[in-house]
Each structure stands twice: as structure tokens, then as C-alpha cells.
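Notes follow the structure.
Number of protein chains: 2
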Amino acid sequence: MCGSSSVYQNKCIFSLPSLMHSPPLSPQLLNSLTPEENTQCQHGLYFQDGERRVDYILTYHIKKPSSSRSNRQSSRFTDNAFTRSLRRGTARLGRPPPPQPRGDPEVASQDHSMDYHEDDKRYRREEFEGNLRDMGLELEKDEDTKTPGVGFVKIHAPWHVLCREAEFMKLKMPTKKVYEVKQCSGVGAKINTLVNKATEPLHPNVEENRGQHVKHLSYAFSREKQHLFFFLPVGITSLLGSGVYTAAYPLHDVSTHCNQHLLYEEWASYSVFYKYQPIGLVRKYFGEKIGLYFAWLGLYTQMLIPASLVGVIVFLYGCATVDNNIPSMEICHPRNNITMCPLCDRACNYWKLKEACGTARASHLFDNPATVFFSIFMALWAAMFMEHWKRRQMRLNYEWDLTGFEEEEVSALLSPTEIAEEPTNKWKQTVQSAMAGLKLVLLIGVTFAIVFGVILYRISITAALHMSNNPTTRSNVRLMVKTTAAIINLVVILILDEVYGAVARWLTVLEVPKTDRSFEERLIFKTFVLKFVNAFTPIIYIAFFRGRLVGRPGSYLYVFESYRMEECAHGGCLMELCIQLSITMLGKQLIQNNLFEIGIPKLKKLIRYIKSKRRSFQEEEREKKLQRYETDHFLEPFAGLTPEYMEMIIQFGFVTLFVASFPLAPLFALLNNIIEIRLDAKKFVAELRRPVAARAKDIGIWYNLLRGVAKVAVIINAFVISFTSDFIPRLVYQYMYSPDGSMHGFVNHTMSYFNVSDFQDGKEPMDPHHLGYQVEMCRYKDYREPPWSNTPYVVSKEFWAVLAARLAFVIVFQNVVMLMSDIVDWLIPDIPKDISLQIHKEKILMVELFMKEEQGKMQFIDSMTPCDGKGRNNHAPIARSRSIPHTHSHTHANNF
Amino acid sequence: MCGSSSVYQNKCIFSLPSLMHSPPLSPQLLNSLTPEENTQCQHGLYFQDGERRVDYILTYHIKKPSSSRSNRQSSRFTDNAFTRSLRRGTARLGRPPPPQPRGDPEVASQDHSMDYHEDDKRYRREEFEGNLRDMGLELEKDEDTKTPGVGFVKIHAPWHVLCREAEFMKLKMPTKKVYEVKQCSGVGAKINTLVNKATEPLHPNVEENRGQHVKHLSYAFSREKQHLFFFLPVGITSLLGSGVYTAAYPLHDVSTHCNQHLLYEEWASYSVFYKYQPIGLVRKYFGEKIGLYFAWLGLYTQMLIPASLVGVIVFLYGCATVDNNIPSMEICHPRNNITMCPLCDRACNYWKLKEACGTARASHLFDNPATVFFSIFMALWAAMFMEHWKRRQMRLNYEWDLTGFEEEEVSALLSPTEIAEEPTNKWKQTVQSAMAGLKLVLLIGVTFAIVFGVILYRISITAALHMSNNPTTRSNVRLMVKTTAAIINLVVILILDEVYGAVARWLTVLEVPKTDRSFEERLIFKTFVLKFVNAFTPIIYIAFFRGRLVGRPGSYLYVFESYRMEECAHGGCLMELCIQLSITMLGKQLIQNNLFEIGIPKLKKLIRYIKSKRRSFQEEEREKKLQRYETDHFLEPFAGLTPEYMEMIIQFGFVTLFVASFPLAPLFALLNNIIEIRLDAKKFVAELRRPVAARAKDIGIWYNLLRGVAKVAVIINAFVISFTSDFIPRLVYQYMYSPDGSMHGFVNHTMSYFNVSDFQDGKEPMDPHHLGYQVEMCRYKDYREPPWSNTPYVVSKEFWAVLAARLAFVIVFQNVVMLMSDIVDWLIPDIPKDISLQIHKEKILMVELFMKEEQGKMQFIDSMTPCDGKGRNNHAPIARSRSIPHTHSHTHANNF
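Line by line, the protein sequences give chains X and P.
Residue numbers for the first sequence follow this note's numbering, beginning at 435 and rising by one.
Residue numbers for the second sequence follow this note's numbering, beginning at 435 and rising by one.
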């Protein structure tokens, strides 16, 4: 046995040097693997001995700073003795024993001045730290900081612990074996080189992009998740939750050579807004989860470029063709003499269709055949985006050596025994879930109610303003009302957004989900539903309900018996939809991004500055000399990526859902995101505590939500085109009713006649001679029989024909677009071809390597053992099936 | 190093005994792991020494049996010497060197009687066999069999090769650690026990279902696929393709104790048709891929039970309510006196609506509100089926220890270098793909043409038969024509089915796909498209086109200027759709299953029996003494699962696509499948060569095809309900036009008037007084204006209203059902809860085990090495990061 084992030492494939000089595996790991490099910036980055690096910080409250400070030294030493004694008894993983507050006389005598509560916390801290030491971590306590009331536990993970954990997590390790990434030759390669040269200035100035021709072959050493992530064993969440510790964070890396500096220059700066992000560096510093967020955001922003280009072209097409548009020409024609029915009861007068000329022309900008093309384009764009993201994700997975890694639900809230016993209180949980669901429905109801309130406001204000005698007021009525209503909507949306975030969290807590991940997903889903409903209800109202339920002259529909339902301007409701959309979208982005994300931090800084002015010089001086872990403690804690993703997915909604009515949405989104990326980057690099690097293969539930939005977008756009715009009525007129196949006469065709003598009593205009002549017939926009038919005012055959055409369009549009999306999905392979070739190649190389190993071993054994049939069968495997990947550990010995 | 390595020997967790007595890992593996058990049936199951088991067989043609047989002995020995010399030079994996036919004087002198071609084949065989020996396999040749012209190579994989491959494939190995699968307690458990007792007779009489309370903890030793599956290295496919070998198969296991016997009794027998399948045993014997097929078929059949129950109830509801159906009552009412327009030009006469009484009553069976409910139910059923299959698959993955296993594309056709260089001839390939696509479209065109031909046949025959003067012929015209046309359709479908299978293969070969898997998937997709179009085009024609494009009396639509398009009987086309569906479905199942799958093999057997009668007694005797590998050689080769899956997916199409018109489809499918399972089982156990056990995690592309069919089913059912059935017109009449809100008057409302004086010249009936009175107005089924309106015969307002309602129904139905399916998808978790709990528990147990190991090691090292800060960091990991899973190899030594 021994002999055979020593034979493998020179056959090993993993080597430490390759580990140290190749792209690192996990940010926390890497930082600790190269401790010698950054010795120049020692400000709290190292233990007192100046050698061991601080990898992680835990903080806690010190109740009585004076008394605590007095026995600091002693506590540090007794601590060790104490926890060591504890360890023997209770060092069981993941299951902290029930606290024995009065069990140990040592603790009781030492801290008898503290109250029971503090005592308990102290006990649990010490036990936890004992566990950490048991796992091989090295701890140093520091309660004598310049920050009164806060104790710091500095944690260092020595090399052997890192190795053990890497093996345990089965991290993929780069091997000694290096292979050349084959550059394709021929025309493709030349084009590639040209493209690379042309995009050179777009790439960040970071080493990682150079010299990628060689790759270290990495072997699937890794599969499971870091469910035992070394300094975060099961329990830290609950310890943080119950206040035993106040914070837990790794340190920012501020030395000059180090990543943070580079990130600051090449990433978190507005001056590089046109460049690609240095995603590899981001991942190195913040971990895969945050790396994926920025990669996703980057791809989304990139994909918005073609979308906004096409959007602008569509908009310009609308602008260019506005003078050739026959319906608006007819409306604006000076000889157009159509008298329209009044828009409100009594106060309003008959009006000339000519007055709607401006609106009609403006409507054409957003209501032309190009819009139909654009919404099909955007549906396919969304499908393409999804597919490209899958590919990008796959590529990143490969580059980050995550290909074998499987995510697992980490049960942070319950221990295994609790999980096993949990089915008993299933009923209680079901009831709670149902309750939470009910409350969600209630909240959606509240949102609807608010939207309805705004509608009522608009109706009543319109009516009131129409009453006014000032003619200029009256002419500006519509615009004023629309704008104020949209702003009110915006404000309501912004306030409810904040409220709903809190409500969703509260609802999810009610449900008591079993795992961290399940908790997060439920929370995200609830928040998403509430925020989505909040943002889009007013828009959906305008798109699909406004102007539909007005009734007809002589029998209008009334709300609360006195308010007539709103009508749309002549060009359809598309124009108003467009106004509402742009105000909501721009307002949300400007206010939430610029005010909340830039303004408020600036304000906070100002307040802090003013406060610091009032402080004594001594204190200020002290602040300057703060240890690194103290400075980081003053930063905002990292609150997760949910708000960032949420903001983006709502924006994605604006970009896709109503794109038929607002082709400029992608452009606004693009402009916003260019700022957003750098804003977020600055926040992560400088304003937040460094987040714990988490591994992730994908963006999780967000992908599903994106898919959901993209799906809903198809049907909503189908309805916007067929019901909100005049596209279908125009087509029907042209091909079914037009005498000469042109659009001439369309305006007349869409309007029905009303005999003013049929007005209900008290509803007719107060001033019937306003236009200067006696009105007998007025017109209104609807397909109804004229007063002289057998069935006056009944919906006409045209109405049904147009309705059938609209519905048919919805079916065709929805199914065609869905089919096309499926085809896009099917045509674009999920794994980029070069990556799949490379994976395949790596596997073959690995196989060859292994086979050589095997043959070497077999020859060795053949020469050692006498070969008889049966004996060989039994003894040979002992040596032959020895694992190769793990021999890297032997090599470490050789290299030191 | 040596010292530390020997320490781990007694800490290992994998042990050989557990390997041998626990559920096996891979069928081929297992069979070889227990060679001593089956020594009683030695008929060709073992090598000449009677000890080494035959694991696999390769066969080849011997061109000149006499000359070959004479130097058989010498060839076997020179063979070894020859290949050994070859091996030294060319033993590179997966890349056979170009044949050097005249290079070696030894070969040339020995076989100079053989022609160049045979020589080359022989050379390649020998080289391949040399490679196999290099890999550690043991080979025995046998050319002196009772089967002249066929040479056999028997392959035995010794234990150490199996071990190496198992490790290489990273098969999950059961460990020594055994844990109890927790049985839940409480009410749930009691119910569970009761259910288990009640279903006891349904379970197969197989050991595997008992004693499942204990499970061996298995560790993720495995991840990759068997890309080096030991006896099938890259190249066997091409060797088989070029005829170097004629067959490659493992042996059936025919000893009394063994699985085949048990499978025969408990699975491949009609007498156990009501029982669950012993899936574990199937997988053990045939491998995961075939196991998954039967598991899928089983679940599908099981899921058909509720579907057919509900279908029968819906059908019975139709039967029960046929007498309360007002429209058919009105049609059948004796006082009903409506005169209908003739159904064909000149030859046909006016007829009384009363004559359609029978059809109207029959139509109600399939056209009632319950049908709408049933098609929603079936859409949800399909979604449920998908979800349940995902769960079942997950459960099987867990039970079969496939959870970590990742499938990989095996490039069997190209070597790695070829893959890398392949992009150069990309254009050629693209052109070929496009060509193949074009041909596919052409073939679909052919299918359409054939359908059109059948339509023409039907039209012309109808017209011809109407001409006949025999009154009984004329009354039976419709039924005869329908039935013959449906049968012609069926025959065409059956013939084209066979043709298209071959065509799809040819088209796929044209495309030159790069990998085996890609080839298979493309082939399946093409075959699926062709067979699907083939099976469903006539049905789609009847459902959506027949009777729509007929024109109206006085201006009918003509094909080729003389044939009037077909109309449907009065009750809508649903009745005819139903007839076509049932004939196609039943016919396909009866003929393809019973005739092709049962009849033809029986016939072959009969022929063989007759032939054998004519043989000499000596030959017969010889046949009885055939070696096992010879008997297997005479069995049909295994041709893949594609035909089985294809049959089922087309059936799934019949069950879901037009279920609105044929609620009995699930019942017929159920009856068919109960037979199908046992039929397939018999085939696999007794009539086919044993397939190579292939690992698979899922059913691959079939799942996507199923999803696709289920998606298409939603939209097709929406259209069937709204356009083919009279459901929507009835609703519209009831809520919009009915004077009293009942269905009275509906029949009259759906028919328009025609003034017979408006007939075109030469189109009016020859015998206008056939009914005994002068007809002035006749009626036809359409919504058109009456002759006395301003716009006679123009489609009426009712037409547009009904059309709008139909289209609205399609939109609502499609979106509601899609939403409900998504909700079903979302509500049912993909991983069954007990499985996810168990996986979690296993992981925790594994972690605990590992931690104990670690601590043991650390203590050992602490006691061995002097502890100084830096030295510890560098030296400690050597021992601590040693891999634990692989220490099983040491244990093997201990156990032997």
C-alpha cells in the first residue's frame, strides 16, 4: 500500500503554484491565499502579529463599555480556556445546545454585573466562537476600539482550513495541465480580430482580458454548495437575528494593488460608462452572485441598444409620415365641418372635429403600422434577450468553473431534526399561507381602489373645470387634468412601492417558510406582484377600460349617478396611454434613482459633515486612525440584490408590456441603465460593507419573473394594438368598406349620428348655439345605427365586423409571436458552441491524462505482482482505482 | 506521507461487501460483480475456462468459412502476437490510424487468399481488439460455431476494469453507512398503510418493494457520463457501420434465479396487466434508458385512468341529455316542415330538415356543454401529467442514484481534432441543412396533396352516387362515402407512416449532424413532424375547413370548376370529425399494434417452423445445442426506443388534440396501452437481443415534444369548441336573440332563406317537385340576409356577432387554460417533498461523517507534528485535505 501511494506523488496533476497564479476560485479564498502581497496597508487588515490576515468580522454590542473595557485583557484569555472546555462537551455541528444560563460558575462569577439577557448572549457568542476554533479558524478579539460600545471578533482562516473547505465544497481546481484555447483560423478569425480591435476602447483596462489563449484545465473537484461555508456554519443567521452579534462582514480590500482600487477606476466610475464591465474582477471581489447581477444588467443594457435604435426609427417614421396620414389630414382639413356631440353633460358644448386636429396628428406618432412591427420586434427581442442571457450565464459558468456545481436549498432556519418533524404542524402552516394569500389579494384590491380614486378625481376635476367661465382655463382643461392626474398616480405609486416592500416582507414572515431560499423566493414573488400591480394598474386602466364604458349620447354611463365616464380624445386612447407611460416611467426612474439613490446618500454625507464640524478635534483625529474593520463597520450593511433586480424587472415591464404605445421606452431605459450600472457599482465598492461572496449558477427566480413578464407582454401588446389603437378599424375600413380602397372617408365612417332631440332632459348643452348655428345632428365616435334606422342607436354590423377583426388579430398576433419566440428559443442553443467544444475538449484531455496515469500504474503493478487470473482481479483495483484528482494534496508538500 | 496514508485505511467509508450486497449500480456492472452465482447455466454464458463470464458479444462475417475454419487455431494465437505488436505503435484512444493494407508482410502472407476488402476489415478488427485488451478487457474468439459464416468475439470485463470504470464514471457507490428512511407517523402514516394494503395486489411480486426502510447512504462518487464506457470506446459505431463487425450486444441472462425469469413472470405477461411494473428490475436488467421508457409509459397509462373515467362520464352525460336537447327536438319534431336547399347541383333534390334528425341527435353526444368542461379538464390533465412525470423522474433519479449524473453529448462520429477543425466546412453543412429542410417542407406538401386527393375522391364519389337512380343507394350515400374515405385515409396514413420513417432518416443523414445525440434528436424531430402531419392533416381538414368554404346557394364554390365543396351534415362537422378520429385512432392502434407487432412476428415464427420441418434432423439437433451467444445472435437487434415513443406520442396527440370532439379517446388509449406495456415487455425480454444498458436521467427530446403537443392541444381545442361545434352560436342565440332566453327557435335562427329563382342556370334540381309541392324558398345553414332585404345574401349582423363571440371564446379559453396550466406547473413542486427531505438528510449525514473523519485526522496530525504558526499552514493540508470518498480503494485491500 505505502509503496503504491508514494508512486503517485510524482504523477499528481494539481499543483499549488498553478493555484496561486491562475484565476482564483472563490474571492474569499483567493484573498487569503496570497497574504504576503499586501503587507503595505496594514490598517486593521491583519491580526496583531501582522501576519495573519483578517478574513471576516463579527461585531457585537458591549452593554457596559466601561466595565467591559476594564476586564478586556482577562476576558480574551479566559475566553480561550473557557471555550476549550466547552468544546469538549458541545461541539456538535449546526445544533447549538440549549443555553444553560446559570450552569457554569465561572461565567456567573465573572460577569455578575451583567443582566441575564446579556449573560445569555455572551454565553452563546462564546460557544459559537468555540465552534469556529474547533473548525480550525483563528480568532482575535478587539474590544478596545475607538468605537465605543462595539466589540469586534476578527477571524482568520488558515491555509489548511481553506484547503479542507475547498475540498469539501469540491471547488474546481485548476490543474498543472495547461492547454491552448484554439483560435479559429480562416475568415472568421480575421473578422474576429478586426472586431476585437474595433471594440478595444470599449473593454475595461484590466489584466483579465489579456492572454486568454491558455487555460488551466480544471477538474470537477467540486459539486455541492458551500453548505458548510467555513466561517458561516448553520446558526449565524439566528445569532444575528437574536442580537447576539450585531453584524458579520468580510473586510474591503483597500491596498493600492488590490482589486477594489482597480474596480474603482475601471468599473465604478461614470467616465468609463461606454466600456464593458470587468465582470471577472467583480466576481473575484464580490462573488458569483453579485457578478451575475452585473453581468445580467450589462447584457440587458447592451440588448437595449438595438431595441432603442429600432424604437427611435419607428418614432421617426411616425414623425415623417404624419403629413401623409389621411385620417389626420381629413380631421385637420379646413373644409371639415363635422359637429361633435358635447364631451360632458350641460357644461360642455358641441364642438368641431377640427379642434382635435393636434391630438389626431400627435396620435399618429404612436399609432401607425410601424408600431405593429415594433411590438412584434420587441416580443422577439425579449425572447432573444432570454436566450442570450442563458448563453451568457453558461459562458460565465464555464469561465468561473461552476459547471458541475449544484445549488442546494440551505436550511438556515431549521435544523435537520426540525425538518424531519415538521409535517405535524402542516395545517397551521397551510392556514397561515392562506391568510397571507388573502392579505395579498386585499392589497391588490387596495391598489385598484386607489386607481379608481384617481379616476374619480380626474372625472370630477374635469367636470369642475368645464364649469369655469374662463375660456383659456377651459381650453387647457384636458392637458392640465391629464398631467396632474398622472403626477398624482406617480406619487401614489412611489409611496405604495415603499409600503409594499415592507408589507411583502411581513406577509412572508407570516408564512414561516422552511428554508432561506424559499423565504427569499416567496418574498421576491410577493413584492413583485404588489409592485407590478401598483405600477401598471393605472396604465392598464387607460389602455383597456377608459373610453370603452362611456355609453352613447342620450344614454351615457354614470358613476355614482352623477359622474359620466371619461372619454378619450379623438385619436383613440393611445395618446393618453403614452403620456401616462412616459410620466410614470421617467418619474419612477428619475425620482427613485436620482433622488433616492444619489440624493439621499449625498444628504446623509452632508449631515454627517455638519455633525463632524461640531465634534472636537481629538475625535476627528481618532476617526482618521480608525482600523479598517471599524471604517467598514460604519458603512451601510449590504441588503441583498432584491431591490436592484426589482427595479430592473419593473423597468423591463415598461420596456416590453406597452411598447406598442410607447416606442421610446427602450431608449429611456437604456439611458437610465447606463447611469444605473455605475451608480450601483459605486454603491457596492464604496458605500456598502463588503458582501459575503456567495456562489450562484444563475439569477434564480428573477429569470422566471422575466419570462413571465415577456409572456404577458405578448398578450398585452396584442390587445393594445387591436383595441387601443385604430389599426384594426383602419384595416377593416380599407379592405371592407372603402369605396376606392384608400383611407378617404375613414373618419366619417367611424362616427355615428345622434339626433340632439334624443338627449335626456337636463343633459343637453346649456348653450346650444355656441357654434353659431342650430345643431340638429351631432356625431360621436362609435359604430351605431343612425337615428333614422329601424333600430336607432343599436350597435351596427360594422361594430361586430371590427370587433371580430380585432379579436382575430389578437389570436393571430399572440400565437404567431409565441411560435416565433419558441422558434428563437429552439434555434439558439443554450450553450454557446465554442464553450461546448471547449468543455468537450477539456473532457477528452482529462480522459487522456487519466488513461496515461492508469497505464503508468498498471505497468508498475504488472512489474510488481505475479499475474494469475483470479488474484489479479482482486488485487489490481486497489491501486488502479486510486483517485487522481486528490493527489494534488501530495504536491503541496513537494512545493513547500 | 506513507504514514499518514496508512492511517486512513481503517477510516474508510466505502466497503466492498456493501457494494456486493446492496442494490447494484449499473446492470452490466452488477452482472459481472457476481459471477459465482449462476454457474449452473453455462450454455455459452462463460469463457472456455468456465470461470470468466461473457459480458458482451461482437460478431462479424467470415467471408470464406472453409479456409477461415482451417487456420482458426493458428489465427487465434498469431492474433495475440500480432495485435500486441500493433498495440505498441498505434494504441491511441479513439483515433484508429489509417489502414495500411499492404504494410505488414505477416498479414499479407497469412491471408493472401482473402481479397483486399476483407483484409482491411480483418486488420481493423484486430486493431480494435488490441485496443480493448489494452484497456484490460479479456477476449476470447470463437469461429467454430454451429452458425456458419459468423465469428464471435466474447468479451469479459474483469473486476479491476469495472472498478476503474466505475470510478471513472464516478458512479455513486453505496457506503457502509446505513440509515433508516423515516416513516412518517400520525394520521398520514395510517392512511398510507391502508392505501398500501389496498393496493397490495397491484404490486408486482418482486423483492425490491420490500424492506425499503433502510437505505445505504451513497456518496456522489459520480458525475460524468460513461463517456468511456469500457467495452464501447469511440469507434464501435463506425466499425459496425462499415461492416467490420456485424453486431455488438450483451447476453441475455437466462439462468433460473436471474432477472430475466422474474421479468418474464412479473412483467412480460398479460396475466399481470393490472399490476404496477417492477421498474427497478427492468432498470436493473435493461438499464436506465429503457427503465425510464417503461416508467413513463406506466405513468401515462395510469394517468389515462382518470381521464377515461371523466371522458366516459361526459359521453354518458351526452347520452342522457339527448332527449332534452331543444335544437335536436325541434329538428325531429313531426310538425317541423322546413325545406332545405339541395346538397349538390342538379342531381340532388330539396329535402326536409326532419331527415337530419338522426345526425342531429348523434351530434349532441359530442357537442354539449360537458365537452367544453372536458377539454379544459384534459388541458389541465396534460399539464398535470407533465408535472407528475417530472416528479416521477426525479424520484427515479434519486432511487437509482443518478442525482449527480450529468448527461453529455458523446461525439461518436467525429474525433476531437475533427470537431475542432469542423467550422471550415460550415457552409457546405448549412446548405445541406437547408436542402433537408426544403425536402421536409416538400414532404409535408405531399401529405397535403394526398389529403386533398382524398377530399376530391369523396366529392366526386358523392356526386356520382347521387346520380344513381337506386333510392337505397342514394340514402346510404353519405355513410358509405364517409366510411370508405376514412378507411382510405387510414390506409394512406399507415403506408406513409412507414415511408416517412425511412425518409426522415435519409434527410437527417444528409444534414451530417456532429454527434450521436444530435443525430438522434434531429431524426426524432423530423420523423415526429412528418408522422404528426400525416396523422392529423385529414382530421384538421374536417375540423376546420370542411363546410366553411362552400359558398351559398346560387353562388357555390367549385373546385376544378365542376366539383362543389363538401358540406357537413346539419349537426355541424363535429360528428364527422368524431367518426374520422375514431377510425384513424382505432385503426392505427389495431393495425399497427396487433397486426404489425403481434401478427408479423407470429407469421415469421410460423415460416421458420415450416422451414425447420424441411431441415434434416441433424441440423435441428444442432440448433438445440446452440451456445447462448448464438441464440441471442438469431434474435432481432434492438432498434432503439424511438418507434415505441413515437407511437405513444401520436396517441397522446389523439388523446389531447381533439378531445373536445371525441371524449372517448382516453378510454381507447387506456385499453390500448394496457396491452402495449406487456407487448413491449415481451418483445424486450424474449424477442430482441439484449440492449446495451444506457444511463439516462430523463426521456430527452420526447418531453419537449409532449410539451409541444400539449401546447398545441390548447389552441386546437379552443378552435374545435368555438368553430367546429355549435356551442358558441347556441350561447349567442340564448343571450342575444332568444325572445324568452331559451333555445327554442335556435334552429330557425341559424338558417337563412334562399329564393329558388336565384339559382344559376343548370344548377337547380332536376326534379323540383320531388317533395310533392312547388318550392319557392329553401333554407340553408348560414347567417346571411334574406332575399327580401336591401342587400340579399350578404352576411348578416348575426354572422359577425357570432364570429366575434367565437373569437373571443378562443382568446379567453386559450389564455385561461394556459394560465391554469402555468399555475399547476408552479403549484406542484418538481421534486417530491419526501425526496428533497431525504436528499437533505443524506447530505447532513454525509457532512457529519466527514466531519468526524476530519477531526480524527486532525487529532492524529496534532499529535504527530510540532505546531508552529507558519509551518502548520503549509504542511497540515497535506494530510488534512486528503480525499475521503476515495479511500474505499484501500478498503478493497482489507477485504480481500
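Note that the Cβ used here is the ideal one computed from N, Cα and C, for glycine as well.
Residue burial classification, residue i (beta-carbon count within 10 angstroms, cutoff 16)
{"i": "P:Asp-931", "result": "buried"}
{"i": "X:Glu-1070", "result": "exposed"}
{"i": "P:Gly-985", "result": "exposed"}
{"i": "P:Leu-836", "result": "buried"}
{"i": "P:Asp-483", "result": "exposed"}
{"i": "X:Tyr-1207", "result": "exposed"}
{"i": "P:Arg-1123", "result": "buried"}
{"i": "X:Thr-864", "result": "exposed"}
{"i": "P:Ser-797", "result": "buried"}
{"i": "X:Asn-831", "result": "buried"}
{"i": "P:Ile-713", "result": "buried"}
Alpha helix (DSSP H) segment containing residue i, residue limits
{"i": "P:Ala-681", "result": "Run containing P:Ala-681: none in the alpha helix (DSSP H); it sits in the beta strand (DSSP E), 681 to 683."}
{"i": "P:Ile-1257", "result": "1231 to 1261"}
{"i": "X:Ile-1084", "result": "1076 to 1090"}
{"i": "P:Phe-481", "result": "Counting along the chain, P:Phe-481 falls outside any alpha helix (DSSP H), and DSSP gives it neither H nor E."}
Residues that DSSP places opposite residue i in a beta bridge
{"i": "X:Asn-1189", "result": "X:Met-1211"}
{"i": "X:Arg-826", "result": "X:Arg-826 pairs with nothing; no bridge assigned."}
{"i": "X:Asp-576", "result": "X:Phe-586"}
{"i": "P:Leu-1104", "result": "DSSP lists no partner for P:Leu-1104."}
{"i": "X:Ser-867", "result": "Bridge partners of X:Ser-867: none, in fact."}
Cβ of residue i within 9 Å of any chain P Cβ
{"i": "X:Leu-1237", "result": "yes"}
{"i": "X:Thr-1154", "result": "A quick correction: the sequence has Val, not Thr, at residue 1154 of chain X. Output row for X:Val-1154: interface = no."}
{"i": "X:Gln-736", "result": "no"}
{"i": "X:Asn-1027", "result": "no"}
{"i": "X:Ala-1242", "result": "yes"}
{"i": "X:Ile-496", "result": "no"}
{"i": "X:Lys-788", "result": "no"}
{"i": "X:Asn-630", "result": "no"}
{"i": "X:Asn-1249", "result": "yes"}
Residue i Cβ short of 8 Å to the ligand SAM heavy atom set
{"i": "X:Leu-874", "result": "This structure lacks the ligand SAM, and indeed carries no ligand of any kind."}
Neighbour flag for residue i against chain X, beta carbons, 9 Å
{"i": "P:Gln-1208", "result": "no"}
{"i": "P:Ile-1149", "result": "yes"}
{"i": "P:Trp-1234", "result": "yes"}
{"i": "P:Asn-923", "result": "no"}
Range of the contiguous beta strand (DSSP E) that encloses residue i
{"i": "P:Leu-492", "result": "490 to 495"}
Complete runs of the alpha helix (DSSP H) confined to the region 750 to 832 of chain X [at least 4 residues]
For the region 750 to 832 of chain X, the continuous alpha helix (DSSP H) assignments of 4+ residues that do not extend past its boundaries occur at 760 to 766 and 791 to 800, in sequence order.
In chain order, what are the residue ranges of uninterrupted alpha helix (DSSP H) at least 4 long that sit wholly in the region 1092 to 1180 of chain X?
1099 to 1116, 1135 to 1153 and 1161 to 1166
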